[in-house]
Amino acid sequence: RLEVAVIGSEHEVFSESALVQIAGRVGRSLAHPCGTITFFHYGKSKAMIEAIHHIRMMNEAALKRGLLDA
(Lines of atoms letter the chains of each structure in order from A and count residues from 1; the text may use other names and numbers.)
(Lines give C-alpha, C1' and ligand atoms only; values in the text may rest on other atoms or scores of the structure.)
Protein backbone atom coordinates (compact mmCIF):
# COMPACT_ATOMS: atom_id res chain seq x y z
CA ARG A 1 0.00 0.00 0.00
CA LEU A 2 1.07 3.51 -0.70
CA GLU A 3 0.02 6.20 1.73
CA VAL A 4 0.12 9.87 0.73
CA ALA A 5 -0.60 12.81 3.04
CA VAL A 6 -1.06 16.45 2.12
CA ILE A 7 -0.43 18.64 5.14
CA GLY A 8 -2.10 22.03 5.08
CA SER A 9 -4.23 21.04 2.11
CA GLU A 10 -6.53 24.02 2.68
CA HIS A 11 -3.70 26.38 1.63
CA GLU A 12 -4.29 28.32 -1.58
CA VAL A 13 -1.19 26.76 -3.17
CA PHE A 14 -3.15 23.47 -3.43
CA SER A 15 -5.55 23.90 -6.35
CA GLU A 16 -8.05 21.22 -7.30
CA SER A 17 -5.79 20.03 -10.10
CA ALA A 18 -2.75 19.91 -7.80
CA LEU A 19 -4.61 17.84 -5.21
CA VAL A 20 -5.92 15.45 -7.89
CA GLN A 21 -2.42 15.09 -9.31
CA ILE A 22 -0.95 14.36 -5.87
CA ALA A 23 -3.70 11.81 -5.20
CA GLY A 24 -2.85 10.20 -8.52
CA ARG A 25 0.45 9.02 -7.07
CA VAL A 26 -1.47 6.47 -4.99
CA GLY A 27 -1.88 3.05 -6.56
CA ARG A 28 0.35 3.63 -9.59
CA SER A 29 2.46 0.54 -9.01
CA LEU A 30 1.47 -3.00 -9.96
CA ALA A 31 3.18 -4.18 -6.79
CA HIS A 32 1.13 -1.71 -4.70
CA PRO A 33 -2.13 -0.94 -6.55
CA CYS A 34 -3.97 0.32 -3.45
CA GLY A 35 -3.42 3.08 -0.97
CA THR A 36 -4.86 6.08 0.77
CA ILE A 37 -4.66 9.83 0.25
CA THR A 38 -5.25 11.91 3.38
CA PHE A 39 -5.77 15.68 3.45
CA PHE A 40 -4.76 17.27 6.77
CA HIS A 41 -6.33 20.71 7.07
CA TYR A 42 -7.80 23.43 9.26
CA GLY A 43 -11.01 23.60 7.26
CA LYS A 44 -12.14 22.35 3.88
CA SER A 45 -11.35 24.56 0.93
CA LYS A 46 -13.34 24.73 -2.31
CA ALA A 47 -10.36 23.12 -4.09
CA MET A 48 -10.39 20.19 -1.65
CA ILE A 49 -14.12 19.59 -2.07
CA GLU A 50 -13.81 19.77 -5.87
CA ALA A 51 -10.76 17.47 -5.87
CA ILE A 52 -12.55 14.85 -3.77
CA HIS A 53 -15.54 14.99 -6.13
CA HIS A 54 -13.25 14.74 -9.18
CA ILE A 55 -11.39 11.74 -7.73
CA ARG A 56 -14.65 9.95 -6.85
CA MET A 57 -16.03 10.54 -10.36
CA MET A 58 -12.85 9.21 -11.98
CA ASN A 59 -12.87 6.14 -9.71
CA GLU A 60 -16.53 5.47 -10.57
CA ALA A 61 -15.78 5.72 -14.29
CA ALA A 62 -12.77 3.40 -13.94
CA LEU A 63 -14.86 0.89 -11.96
CA LYS A 64 -17.56 0.86 -14.67
CA ARG A 65 -14.90 0.27 -17.33
CA GLY A 66 -13.49 -2.64 -15.35
CA LEU A 67 -10.21 -0.89 -14.61
CA LEU A 68 -10.63 -1.18 -10.82
CA ASP A 69 -11.61 -4.04 -8.56
CA ALA A 70 -14.68 -3.42 -6.44
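Counting from 5, one number per residue, gives the positions in the sequence shown under this note's numbering.
Glycine is no exception: its CB is placed at the ideal position from the N, C-alpha and C atoms.
Between the Cα of residue i and the Cα atoms of the options, which residue gives the shortest distance?
i	options	result
Q25	L72, A66, I11 and H58	H58
Using a Cβ-Cβ cutoff of less than 7 Å, which residues in the same chain neighbour residue i once the five nearest sequence positions on both sides are dropped?
i	result
N63	L72
A9	T42 and F44
F18	V10 and A51
Within the same chain, show all residues whose beta-carbon is closer than 6 Å to that of residue i, passing over the 5 residues directly before and after it, in chain order.
i	result
L6	V30, H36 and G39
A55	E20, L23 and V24
If I follow the unbroken beta strand (DSSP E) through residue i, where does it start and stop?
i	result
E7	L6 to I11
G39	G39 to F44
Under the rule that 16 or more other beta-carbon atoms within 10 Å means buried, what is residue i, buried or exposed?
i	result
L23	buried
A65	exposed
S49	buried
Grab me the residues of residue i's own chain with a C-beta within less than 8 Å of its C-beta, minus the 5 sequence neighbours each way, in chain order.
i	result
G28	none
S33	L6
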